[in-house]
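Below you'll find the structure, written out as structure tokens, and then a few comments.
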Amino acid sequence: MKISEILKNKSLSLSFEVFPPKTDSSFESIKAATEEIASLSPSFMSVTYGAGGGTSRYTLEIAKNIKEKYSVPTLAHLTCVSSTRETVRQRIADIRDAGIENIMALRGDIPDGASDMPRDYRYAVELIRELRASGDGFCIGGACYPEVHPESVSEEQDIIHLREKVDAGLDFLTTQMFFDNDLFYGFLERARDAGINIPVIPGVMPITSANQIERAITLSGSYMPRRFLALVDKFGSDPAAMKQAGIAYATDQIIDLFASGVTNVHVYSMNKPDVARAILHNLSDILGK
Ligand code: FAD
Numbered sequence: 039m040k041i042s043e044i045l046k047n048k049s050l051s052l053s054f055e056v057f058p059p060k061t062d063s064s065f066e067s068i069k070a071a072t073e074e075i076a077s078l079s080p081s082f083m084s085v086t087y088g089a090g091g092g093t094s095r096y097t098l099e100i101a102k103n104i105k106e107k108y109s110v111p112t113l114a115h116l117t118c119v120s121s122t123r124e125t126v127r128q129r130i131a132d133i134r135d136a137g138i139e140n141i142m143a144l145r146g147d148i149p150d151g152a153s154d155m156p157r158d159y160r161y162a163v164e165l166i167r168e169l170r171a172s173g174d175g176f177c178i179g180g181a182c183y184p185e186v187h188p189e190s191v192s193e194e195q196d197i198i199h200l201r202e203k204v205d206a207g208l209d210f211l212t213t214q215m216f217f218d219n220d221l222f223y224g225f226l227e228r229a230r231d232a233g234i235n236i237p238v239i240p241g242v243m244p245i246t247s248a249n250q251i252e253r254a255i256t257l258s259g260s261y262m263p264r265r266f267l268a269l270v271d272k273f274g275s276d277p278a279a280m281k282q283a284g285i286a287y288a289t290d291q292i293i294d295l296f297a298s299g300v301t302n303v304h305v306y307s308m309n310k311p312d313v314a315r316a317i318l319h320n321l322s323d324i325l326g327k
């Protein structure tokens with residue numbers, strides 16, 4: 039099923055993101071974790087793609103397995119920046135042949151010191167145009183950044199380039215994680231003002247351990263509100279308490295997003311079925327499950 043169709047359904051829902059294993063040895067345990075998350079019947083699941091293509095094979099295997107075994111619609115991520123046109127074309131064909139209808143079209147991060155990497159693509163917009171031109175009828179998602187992409191020269195330029203991606207044929211956008219919902223609401227207003235009218239799915243990352251925070255900041259550069267930092271300060275050294283507090287904080291964010299008119303929130307569940315289950319449990323009456 040296409041995510042664009044799912045998003046037309048106005049009942050409240052959660053989707054979950056998982057990431058594929060980096061090595062063969064962790065394949066079975068990660069596959070089991072993703073299956074456990076799929077068994078919770080999210081609206082869809084996204085499977086990330088390693089920059090540089092390291093885990094590309096597993097992205098497809100995990101996405102196909104979830105779709106076939108649990109009938110959960112899947113979104114296969116695909117990056118282009120360090121790949122050749124030939125490799126990307128092959129990945130697109132593999133995704134199509136696996137019966138996956140949704141692709142998250144990304145540039146990917148530019149690897150450090152990779153002077154000899156292929157330079158066939160510079161920006162995600164080129165991949166989006168290629169996907170649209172393929173005529174395969176994919177539902178295509180793109181990334182957006184409520185706090186501005188770290189490499190962007192300005193907020194205005196970032197929105198201009200986002201509009202280019204939308205005009206190239208995106209069906210929906212998913213945001214980078216944020217910890218202050220007002221940043222999302224402000225971004226949505228700027229996007230709508232710029233003529234971006236496709237659905238924008240907010241992405242929420244439950245922070246369940248103190249050392250996850252540093253990684254989250256490095257990855258996203260997200261602003262951490264005082265209320266969030268106080269919670270980490272107080273509970274960061276107690277793993278069980280931090281997990282409970284982090285899940286409560288993410289739950290709170292999701293409730294506020296639903297109350298403000300959002301219908302689907304994407305949860306960066308990081309292959310943690312217990313976290314996904316706890317959030318669904320906290321929202322059981324709200325989601326009607
Ligand atoms: P783009 O949209 O190409 O934007 C990149 C930068 O270039 C921005 O600063 C933009 O303003 C600028 N830009 C765009 N077009 C132009 C232009 N014509 N001229 C000048 N500047 C321009 N990474 C992975 O490796 N694997 C994943 O699975 C993955 N999943 C993600 C999922 C989500 C929801 C998000 C938000 C990010 C994800 N990422 C993933 C990270 C992403 O690959 C990086 O943030 C990457 O640096 C940018 O990718 P993009 O698709 O947003 O790039």
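Numbered by the working numbering, the letters in the sequence shown go through residues 39 to 327 in order. Even for Gly, the Cβ is constructed at its ideal location relative to N, Cα and C. Remember, it's a predicted structure, so these values are computed and weren't measured experimentally.
- Nearest C-alpha to Leu116 among Leu144, Glu139 and Glu124: Leu144.
- Where Ile293 is concerned, there is no enclosing beta strand (DSSP E), although the alpha helix (DSSP H) around it starts and stops at Pro277 to Ala297.
- Asp154 and Gln128 have their alpha carbons spaced roughly 21 Å apart.
- Inter-segment contact for the segment 95 to 114 and the segment 68 to 78 is present: three or more beta-carbon pairs are separated by less than 8 Å.
- When the beta-carbon positions are compared, Asn140 and Gly179 come within less than 8 Å of each other.
- Cβ contact annotation for Gly274 (same chain, cutoff 7 Å, sequence separation greater than five): Ala248 and Met280, in chain order.
- Those residues placing their Cβ nearer than 5 Å to any heavy atom of the ligand FAD are, following chain order, Thr86, Tyr87, Ala89, His115, Thr117, Leu144, Arg145, Gly146, Asp147, Tyr161, Ala162, Ala181, His187, Glu189, Ser190, Asp196, His199, Thr212 and Gln214.
- For Glu55, the beta-bridge partners assigned by DSSP are Ser84.
- For Leu165 and Tyr159, the gap between their C-alpha atoms comes out near 8 Å.
- Secondary structure of Thr246 (DSSP, three-state): coil.
- The secondary-structure analysis by DSSP pairs Gly179 across a beta bridge with Met142 and Phe210.
- In the three-state reduction of the DSSP assignment, Thr256 falls in the helix class.
- Note on geometry: alpha-carbon atoms of Gly207 and Ile198 lie some 15 Å from one another.
- DSSP places Ile236 in the coil class of the three-state scheme, outside both helix and strand.
- For Thr117, the enclosing beta strand (DSSP E) begins and ends at Thr112 to Thr117.
- Secondary structure note for Val126: its alpha helix (DSSP H) is the uninterrupted segment Arg123 to Asp135.
- Of the candidates Lys46, His187, Phe57 and Lys203, the residue whose Cα lies closest to the Cα of Gly88 is Phe57.
- Here Ile236 has Val204, Leu208, Asp209, Phe210 and Leu211 as same chain residues with Cβ atoms under 8 Å from its own Cβ, once five neighbours each way along the sequence are excluded.
- Residue state for Asn309 is assigned as coil, using DSSP reduced to three classes.
- For Val303, DSSP records a beta bridge to Leu52.
- Partner residues in the beta bridge of Gly241, as assigned by DSSP, are His304.
- Selection Ile44, Gly259, Thr256 and Ile130 evaluated against Arg170 yields Ile130 as nearest (Cα-Cα).
- Within 10 angstroms of the beta-carbon of Ile104 lie 16 or more other beta-carbons, which makes it buried.
- Assigned with DSSP and collapsed to three states, His187 falls in coil, not helix or strand.
- By the beta-carbon neighbour count (other beta carbons within 10 angstroms, threshold 16), Ala283 is buried.
- The segment 245 to 264 makes contact with the segment 177 to 194; the number of CB pairs closer than 8 Å reaches 3 or more.
- For Gly224, the enclosing alpha helix (DSSP H) starts and ends at Asn219 to Asp231.
- With at least 16 other beta carbons inside 10 angstroms of its own, Gln291 counts as buried.
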